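Right, one structure below, let's go through it.
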Amino acid sequence: MVRLNNLAVAALAAGAISASASSSFATPLRGVAPADATKYQPTKNAQGQLRWKCLDGSKELSFSAINDDYCDCPDGSDEPGTSACPNSTFFCANHGHTPAYIRSSRVDDGICDPECCDGSDEKDGKIHCPDRCAKVGKEYRKKMTELEDLRRAGAKIRDKYIADGRKEKESLEAEIAKLEIEVQVATENEARLKDELTRAETSDKDVIDAKIKTPLYVKLVDHQTAIKALQDKNAALKAELSILTLLLDDLAKGYNPNYQDMAVKGAVVAYKEWRGTAAASEVKEEGDADSANSVDQLAAENVKLSQLLDEGDWPAAKISALLGDDPLDIMDRGLGGAAHDKRVYTAESDGGLLFRIHEYLPDGIVPYFEAMVDTLLDVLIKANVITDVKRMRPKSSSSADEPENVSAARRLHTEAANHLSRTSQDLSTRKHRLSEFSTRYGREAEFKALENKCFSRDMGEYTYEYCFFGRATQIPKNGGAQISLGSFSQFNPQQNKKPEEDAYWLQQIYARGQKCWNGPERSAVVDLECGVENKVLNVFEAEKCIYSIKVATPAVCFPVKEPEAEAAGGDHQVKDEL
């Protein structure tokens, strides 16, 4: 009977313990969010004791060690409701308002933290914190409604920005499609004209090679060679003759007739007569007092030498011009003057109607017309219907030594190559601009409509001007020099945000501004926030030479999304201490 009573007592005790444990499970632990409640469920060991593991799995503790104001777990998870663990967090339920987390160091510190409007952070009796969540929640919801209305109004303007950006993007895509076709056509045209130039150069080389082998060409070259040799010989003889006459002039001046050297006297008289001196007989009289003056006067009148040096109808320049003529050109001019090709010569001399039609054509058609004429002339020449024709177009210095058909082909190819280069560059530029739409102008091109639009705000002694994707400038009100705070560099997403996320587009970096005195280049961090109009809200120098600019714009009034469920565990945001 006694034994049965003992068993009954043991059973009752076990039931009481079980009921107590169940009751403790149902009571939320202080500082633990409902989403984390399952992480604080104890387990029983073989002895029936309630045990619990730190959330990092590093230790196993008695369940009663939770919130005992002693930090046991390295991660601080055993003290969610006390300030014992510096690395722990405290959850404020804030019924009637938004739940929040604060650092555990702010628990029971004698200060009513505004984040915990329900006063749950102060329960040790040091201070009484009333539950203000109903009032705070009402004010918060009113403010959020106003912000939501603002965001919705701004989102409508943003939708217009998006529509404008899409139109510009579509227009740019259409330009790219058109340019791609133009580049393809220009590439084919350049290749065709390059082939025509090659054929013209090859054809011209074949014609030249054939002419070089003719007897006429050989004879012309021989004549030019002979003329050149005679010209050189003549120049050498003239030089020697000039030297000789100078020597004889000196002899005539220095001759003294009183020496009665008849041989010298005879030579001087003969030289005077050769020169054609009219007063040579006067020199024969010995002792003539004026003979010296007569010699000096006559020395300046070398008539014979002047006659010998006179170039007549064939001056050196004219002979040099003959020698400078290309025998091939001489042959072409000779053929052009022949009676057989009189019609060709006439066409060259007066320009010919065929060669002047381009004067009446639009500029864009002229290159194609000239190419057609060149092709026709090549066919007629190869068929021996006409001989070579030199088109009477102005020649550039680079093509002065090549036939006109080759020059024309080269000019057309150059124009085609330049057109291809320009078109390809235009295409590349537009493709680059298109690629910027997704990285520079927003996820939906909402910023494109704002490009280079500027807004300013007066702040103290300065006016600050901010230009979307342009420059940020500090302008002194007293009329001093403007100072560049930087030019747009990039968006500056925080916490590894991606372009798909709204937060990615909320901050910009403006860099490479004017250099500070004895410091770095100026720069600016631009924070964007939703607003129904574009305006600069505030500007200040956050750090040396680094400015903070706050700008309101409808471009970041993103569509209102449904509230997302808060992540469980450690992904909550903690309100840090000031």
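Positions -21 to -1, 1 to 557 (mature numbering (1 follows the signal peptide of the UniProt record, and there is no 0)) are the ones given, in order, by the sequence shown.
Glycine included, each C-beta is placed from N, C-alpha and C at the ideal position.
Here the structure is a predicted model, which means the values were calculated and not measured.
Where residue i sits in the DSSP three-state scheme
{"i": "Val511", "result": "coil"}
{"i": "Ile136", "result": "helix"}
{"i": "Trp484", "result": "helix"}
{"i": "Ala258", "result": "Reliability fails at Ala258, whose pLDDT of 42 lies under 50, so the model's placement of it is uncertain and the value that follows must be treated cautiously. Three-state result, Ala258: coil."}
{"i": "Val539", "result": "coil"}
{"i": "Thr193", "result": "coil"}
{"i": "Tyr443", "result": "strand"}
{"i": "Arg501", "result": "coil"}
{"i": "Asp97", "result": "coil"}
{"i": "Cys64", "result": "coil"}
{"i": "Ala72", "result": "coil"}
{"i": "Glu39", "result": "strand"}
{"i": "Phe426", "result": "coil"}
{"i": "Cys91", "result": "coil"}
{"i": "Trp31", "result": "strand"}
{"i": "Gln286", "result": "helix"}
{"i": "Ile462", "result": "strand"}
{"i": "Val11", "result": "coil"}
{"i": "Pro455", "result": "strand"}
{"i": "Glu58", "result": "coil"}
{"i": "residue 562", "result": "Within the shown structure, residues of the chain are numbered from -21 to 557, placing residue 562 beyond reach of any answer."}
{"i": "Asp201", "result": "helix"}
{"i": "Arg436", "result": "strand"}
{"i": "Asp506", "result": "strand"}
{"i": "Lys529", "result": "strand"}
{"i": "Tyr489", "result": "strand"}
Expected contact under 8 angstroms - CB spacing of residue i and residue j to nearest Å
{"i": "Cys95", "j": "Asn73", "result": "7 angstroms"}
{"i": "Val515", "j": "Tyr441", "result": "Incorrect: roughly 12 angstroms between the Cβ atoms, too far for contact."}
{"i": "residue 558", "j": "Cys495", "result": "Outside the shown range of the chain, which is -21 to 557, sits residue 558, and nothing can be said about it."}
{"i": "Asp97", "j": "Cys112", "result": "5 angstroms"}
{"i": "Asn397", "j": "Asp353", "result": "About 19 angstroms; that fails the 8 angstroms criterion."}
Short Cβ contact (8 angstroms threshold) for residue i with residue j
{"i": "Val511", "j": "Pro538", "result": "no"}
{"i": "Leu391", "j": "Thr166", "result": "no"}
{"i": "Lys105", "j": "Asp92", "result": "no"}
{"i": "Leu406", "j": "Val162", "result": "yes"}
{"i": "Phe467", "j": "Tyr483", "result": "no"}
{"i": "Gln493", "j": "Ile462", "result": "yes"}
{"i": "Ala388", "j": "Glu175", "result": "yes"}
{"i": "Ala428", "j": "Ile528", "result": "no"}
{"i": "Glu430", "j": "Phe416", "result": "no"}
{"i": "Tyr420", "j": "Gly144", "result": "yes"}
{"i": "Pro78", "j": "Ala153", "result": "no"}
{"i": "Thr61", "j": "Ser84", "result": "no"}
{"i": "Gln453", "j": "Leu464", "result": "yes"}
{"i": "Val518", "j": "Tyr443", "result": "yes"}
{"i": "Glu508", "j": "Tyr140", "result": "no"}
{"i": "Phe70", "j": "Gly10", "result": "yes"}
{"i": "Cys52", "j": "Ala63", "result": "no"}
{"i": "Arg409", "j": "Leu158", "result": "yes"}
{"i": "Ser182", "j": "Asp304", "result": "no"}
{"i": "Leu413", "j": "Leu151", "result": "yes"}
{"i": "Tyr196", "j": "Leu227", "result": "no"}
Min CB distance residue i to chain B below 8 angstroms
{"i": "Asn46", "result": "Of the chains in the structure shown, none is chain B; there is only one protein chain."}
*Should the stretch 112 to 119 be regarded as contacting the stretch 520 to 529, the criterion being three or more beta carbon pairs within less than 8 angstroms?*
no
_Meets three-Cβ-pair contact criterion under 8 angstroms: the stretch 50 to 60 and the stretch 28 to 40_ = By the Cβ criterion, the stretch 50 to 60 is in contact with the stretch 28 to 40, since at least three pairs of Cβ atoms, one from each stretch, lie closer than 8 angstroms.
*At least three beta-carbon pairs within less than 8 angstroms, the stretch 292 to 301 to the stretch 201 to 220*: yes
*asked:* Which runs of the alpha helix (DSSP H) at least 4 residues long sit entirely within the stretch 230 to 255? Give them in chain order.
replied: 241 to 254
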